[in-house]
Amino acid sequence: MSSLDQVIAKLPRWVLVGGILVLGIFLLLVLNPPHSVCDSQLTLLQSLQTPFLYLDKKKSYIKTTGFSASYTKCRNGNSLGACQDLFNGVLKLTGDIESSNPECLAELSKVKDIKKAFRDTQDLMVELAWGNQPPESTYEKFSWLDNNHMFLFCKLTGLRTKSEGKDAWEKWREKTMLSLPNPSNLSRADVWRRSIFSASCSTF
């Protein structure tokens with residue numbers, strides 16, 4: 001009999017049983033952590049966002065989410081009709097998140113798929129408004145985007161600043177402005193004025 005077996009054999013039965021129970025509870029918590037309110041909210045959100053943001057597990061033959069398909073269509077089409085599905089889908093996503101428990105809003109917005117959808121959509125909206133070269137003037141900075149589109153853009157800004165923090169969002173904004181086509185080497189101030197970043201969200 002090994003020394004460990006000898007120690008176990010000398011332990012009172014109640015100590016041994018209690019130790020096994022504690023170990024069992026510990027393993028149960030590790031393998032099946034308790035569900036929080038926000039975990040439940042995410043599960044509900046994933047259901048609401050199928051098949052737009054998440055694949056429908058019942059339809060295994062579909063390999064592309066509605067978001068991915070509509071994003072590609074919008075990027076290639078660059079028109080109101082081509083982008084309608086994307087913008088309507090992302091607007092519904094923001095509405096589903098805002099309808100969740102207020103305490104979970106920031107946490108839900110940080111979920112990888114949701115965070116990516118927000119960032120990619122704003123990236124694309126900035127690019128679509130700007131075009132292949134700087135707008136001729138600040139009056140043309142929206143291109144074909146209208147007030148409804150800017151409402152979505154501003155809503156995304158609000159959700160992202162709450163979840164990622166204002167500093168992180170502004171860092172993304174500056175990086176995005178630098179990446180825009182700028183053959184005339186406009187100053188940062190001119191790029192700002194001619195991009196949709198300079199639009200006041202209080203207007204939409």
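Here the sequence shown stands for residues 1 to 204, where the numbers follow the working numbering.
C-beta: ideal position from N, C-alpha, C; glycine also.
How far does the alpha helix (DSSP H) with glutamine 84 in it reach, from first residue to last? 80-98 is the span of the alpha helix (DSSP H), which, as asked, contains glutamine 84.
Just tell me which of Cys83, Ala189, Gln49 and Asp113 has its CA closest to the CA of glutamate 127. Selected option, being the one with the closest Cα: Cys83.
Is it buried or exposed for tryptophan 144, if we count other Cβ within 10 angstroms and need 16 for buried? Classification for tryptophan 144: exposed.
Under a three-way DSSP split, which group does tryptophan 144 fall into? The answer is coil: DSSP assigns tryptophan 144 none of H, G, I, E or B.
Quick check: what's the CA-CA separation for aspartate 81 versus lysine 73? First, the residue type needs correcting, since residue 81 is glycine and not aspartate in the sequence shown. Linking glycine 81 to lysine 73 through their CA atoms gives a straight-line distance of about 10 Å.
Nearest candidate by alpha-carbon position, reference lysine 115, set Glu103, Trp169, Arg188 and Ser60: That would be Trp169, whose Cα lies nearest to the Cα of lysine 115.
Taking DSSP as the reference, what is the three-state secondary structure of glutamate 136? Here glutamate 136 sits in coil by DSSP.
Report all residues from its chain with a CB closer than 8 Å to the CB of alanine 106; omit the five preceding and five following residues, and keep chain order. For alanine 106, where only same-chain residues beyond five positions count, the Cβ hits under 8 Å are Lys162 and Ser163.
Cβ pair count under 8 Å reaching 3, the segment 39-52 against the segment 93-111: Taking one beta carbon from each stretch, the segment 39-52 and the segment 93-111 have 3 or more pairs nearer than 8 Å; the two touch.
Quick one, which of Pro181, Thr94, Phe153 and Phe151 has its alpha-carbon nearest leucine 53's? The shortest Cα separation from leucine 53 among Pro181, Thr94, Phe153 and Phe151 belongs to Thr94.
Alpha carbon of alanine 199 to alpha carbon of leucine 152, nearest angstrom: Roughly 13 Å between the two C-alpha positions.
Please name the residue, chosen from Asp113, Trp172, Ser60 and Asn132, that lies closest to asparagine 78 on a Cα-to-Cα basis. Selected option, being the one with the closest Cα: Asn132.
According to DSSP, is valine 191 helix, strand or coil? Note: valine 191 maps to helix in three-state DSSP.
Own chain partners of valine 191 with C-beta closer than 7 Å, once the 5 adjacent residues on each side are dropped: Correct list, in chain order: Met177, Leu180 and Asn182.
My understanding is that leucine 186 touches proline 135, with C-beta atoms under 8 Å, so please give their C-beta distance in whole angstroms. About 10 Å separates the two Cβ atoms, so there is no contact after all.
List the whole-angstrom C-beta distance separating arginine 160 from phenylalanine 197, where the pair is believed to meet the contact cut-off of C-beta under 8 Å. Between arginine 160 and phenylalanine 197 the beta-carbon gap is near 13 Å, outside 8 Å, which marks them as no contact.
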